[in-house]
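So for the sequence shown, my numbering puts the first residue at 1361; every next one is plus one.
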Amino acid sequence: MIVVLKTGCGDAEIQEVTGRLAQEGFKVHLSQGVEKTIIGAIGDRSRLEALDLEALPWVEKVVPILAPYKLVSREFHPSNSIIKIGQHEIGGSEVHVMAGPCAVESRAQIIETAHAVKEAGATFLRGGAFKPRTSPYAFQGLAEEGLRYMAEAREETGLYVVTEVMDVRDVELVAEYADILQIGARNMQNFFLLKQLAKINKPVLLKRGPSATLEEWLMAAEYIMDGGNYQVMFCERGIRTFETYTRNTLDLSMVPSLRALSHLPVIVDPSHGTGRWNLVHPMAKAALAAGADGVIVEVHPQPEKAVSDGKQSLTIPNFNLMMQDLARLTTVLDRNLKGVDG
Ligand code: PEP
Ligand code: MN
């Protein structure tokens, strides 16, 4: 439920309400807008009735959150949540491009790609060290060695690192190296993994499961927030449909839908969302036009030699072309393409 305070409330009044709620075992989250102060409270509703907050003269109203997701909902936190990573902010006016290979294949490959995407204006380096492959015989990733190369690439370029964690047992290890931990589509409802991510103090990029509904996806984010980690962003990466021309169907209607229902940032992955490199650039533009806070794209110096997802990986020259186009587009959208604009 949310407690809306009357305009002009001071700190003492706010503390009185948050204090009472905390004493009754509520999880409290304060949102201070210019006009209104809203206190989100998760806990036993019957105890709230006993507190009778509406009797306080500075409380305007107490409203229940009817949706099953609470902390994730826009009612709980009416303004957009902004996730800060170094000098970057995701979820505000900045737009970020996260780029790199599907998998970290070697030190040389990730360092070369990192320099190239940084030069073009990316702000984050992507690359999997633990790979969720359909076949057990396919390349499974370089594990910690790959994480070390990613960290080295960060040192050299200043790019922040986003990489996938697949196993509860690796969360601490990946968190040591990564700036954003990615939960892959196949693990969106791995609740043990989500609960483990709730315990770390690092942002999480939560990809949409290949057949997940919007509500299931929001509930997955709720697991992470409920455990105490509020730094969650969504990543639309396409869903399984009857269409076979594309690898997945990139559901861009999720961008404004998530924006309407939640306060958390939204990123789009047009690489896995289409499976075809020539569709990545137009769908990245569409994603930003739909209101995404950024895109995550696969880039490889030699896509034809990539150990995974070469067909959907941009060459470095094609990534440069896309970045030039996105820079023009973000100007029209009145947003700031970080890495290009400053
Ligand atoms: C990836 O980003 O490399 C990946 C495996 O993505 P997804 O989980 O969306 O398939
Ligand atoms: Mn991939």
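Even glycine gets a Cβ: it sits at the ideal position worked out from N, Cα and C.
Could you give the DSSP three-state label for residue i: helix, strand or coil?
i, result
"TYR1520", "strand"
"GLU1596", "strand"
"VAL1692", "helix"
"LEU1502", "coil"
"VAL1615", "helix"
"VAL1718", "This structure cannot speak to residue 1718, because the chain is shown only from 1361 to 1702."
"ASN1366", "According to the sequence as given, residue 1366 is Lys; it is not Asn. If DSSP states are grouped into helix, strand and coil, LYS1366 belongs with coil."
"MET1458", "strand"
"GLN1662", "coil"
"GLN1392", "strand"
"VAL1700", "coil"
"SER1466", "coil"
"LYS1783", "No information on residue 1783 is available, as it lies outside the stretch 1361 to 1702 that the chain covers here."
"GLY1633", "helix"
"VAL1667", "coil"
"PHE1602", "coil"
"LEU1565", "strand"
"PHE1386", "coil"
"ARG1486", "strand"
"LEU1507", "helix"
"ALA1652", "coil"
"THR1609", "strand"
"THR1473", "helix"
"LEU1674", "strand"
"ALA1353", "Residue 1353 cannot be examined here, being either before or after the span of the chain that is shown, 1361 to 1702."
Return yes when the Cβ of residue j is within less than 8 Å of the Cβ of residue i, no when it is not.
i, j, result
"GLY1635", "THR1606", "yes"
"VAL1700", "GLY1481", "yes"
"ALA1463", "SER1673", "no"
"THR1367", "LYS1396", "yes"
"ALA1513", "ILE1560", "no"
"GLU1576", "ASP1629", "no"
"ILE1584", "LEU1565", "no"
"GLY1544", "PRO1625", "no"
"LEU1533", "GLU1504", "yes"
"THR1378", "ILE1399", "yes"
"VAL1364", "VAL1423", "yes"
"SER1384", "ARG1407", "Reading the sequence as shown, one finds Glu at residue 1384 and not Ser. Cβ distance < 8 Å, so GLU1384 and ARG1407 count as in contact."
"LEU1612", "LEU1648", "no"
"VAL1528", "PHE1490", "no"
"PRO1496", "HIS1660", "no"
"SER1346", "SER1391", "Residue 1346 falls outside the range modelled here, since the chain spans only 1361 to 1702, and no answer is possible."
"VAL1455", "LYS1645", "no"
"VAL1419", "LEU1411", "no"
Check each candidate in the options and name the one with the smallest Cα separation from residue i.
i, options, result
"ALA1581", "ALA1572, SER1571, GLY1588, VAL1592", "VAL1592"
"GLY1488", "VAL1477, PRO1496, GLY1501", "GLY1501"
"ALA1474", "ILE1443, MET1510, LEU1411, ARG1688", "MET1510"
"MET1458", "GLU1505, ALA1644, ARG1486", "ARG1486"
"GLY1549", "ARG1467, GLN1662, LEU1574", "According to the sequence provided, residue 1549 is Gln. The question's Gly does not apply to it. Looking at the Cα atoms, LEU1574 is the closest of the given residues."
"LYS1555", "GLY1400, GLY1587, VAL1657, VAL1534", "GLY1587"
"ILE1442", "ARG1619, HIS1632, THR1691", "ARG1619"
"THR1483", "VAL1655, THR1690, GLY1670", "VAL1655"
"GLY1452", "TYR1590, SER1631, GLY1651", "GLY1651"
"ASN1608", "SER1631, ASN1680, GLY1446", "SER1631"
"ARG1380", "GLY1403, GLN1392, SER1391", "GLY1403"
"VAL1522", "GLU1515, ILE1676, TYR1537", "TYR1537"
"TRP1637", "GLU1420, MET1682, LEU1426", "MET1682"
"ILE1450", "GLY1460, GLN1469, ASP1539, SER1391", "ASP1539"
"PRO1677", "PHE1436, SER1571, GLY1506, LYS1478", "LYS1478"
"GLY1633", "VAL1657, PRO1663, LEU1639, GLY1598", "GLY1598"
"GLY1670", "THR1604, VAL1640, MET1614", "VAL1640"
For residue i, does the count of other Cβ atoms within 10 angstroms reach 16, so buried, or fall short, so exposed?
i, result
"LYS1567", "buried"
"LYS1665", "exposed"
"PRO1616", "exposed"
"PHE1552", "exposed"
"SER1622", "buried"
"VAL1394", "exposed"
"PRO1642", "exposed"
"ALA1372", "exposed"
"TYR1429", "buried"
"ASN1547", "buried"
"PHE1594", "buried"
"GLN1469", "buried"
"VAL1531", "buried"
"GLU1435", "buried"
"GLY1506", "buried"
"LEU1426", "exposed"
"PHE1602", "exposed"
Quick one: is residue i near chain D, going by C-beta distance under 8 Å?
i, result
"THR1675", "In the structure shown, chain D does not exist; there is a single protein chain."
Given 7 Å as the limit, tell me if residue i has its C-beta closer than that to any heavy atom belonging to the ligand COA.
i, result
"HIS1632", "With respect to small molecules bound, the structure shown includes the ligand PEP and the ligand MN and not the ligand COA."
Next item on the list: Starting from the N-terminal side, write out each stretch of the beta strand (DSSP E) that is 3 residues or longer and does not extend beyond the segment 1521-1553.
Entry: Here the runs fully enclosed are 1540-1543.
Check: Counting only runs that start and end within the segment 1406-1447, where is the beta strand (DSSP E) found for 3 or more residues in a row?
Finding: Listed in chain order, they are 1419-1423, 1443-1445.
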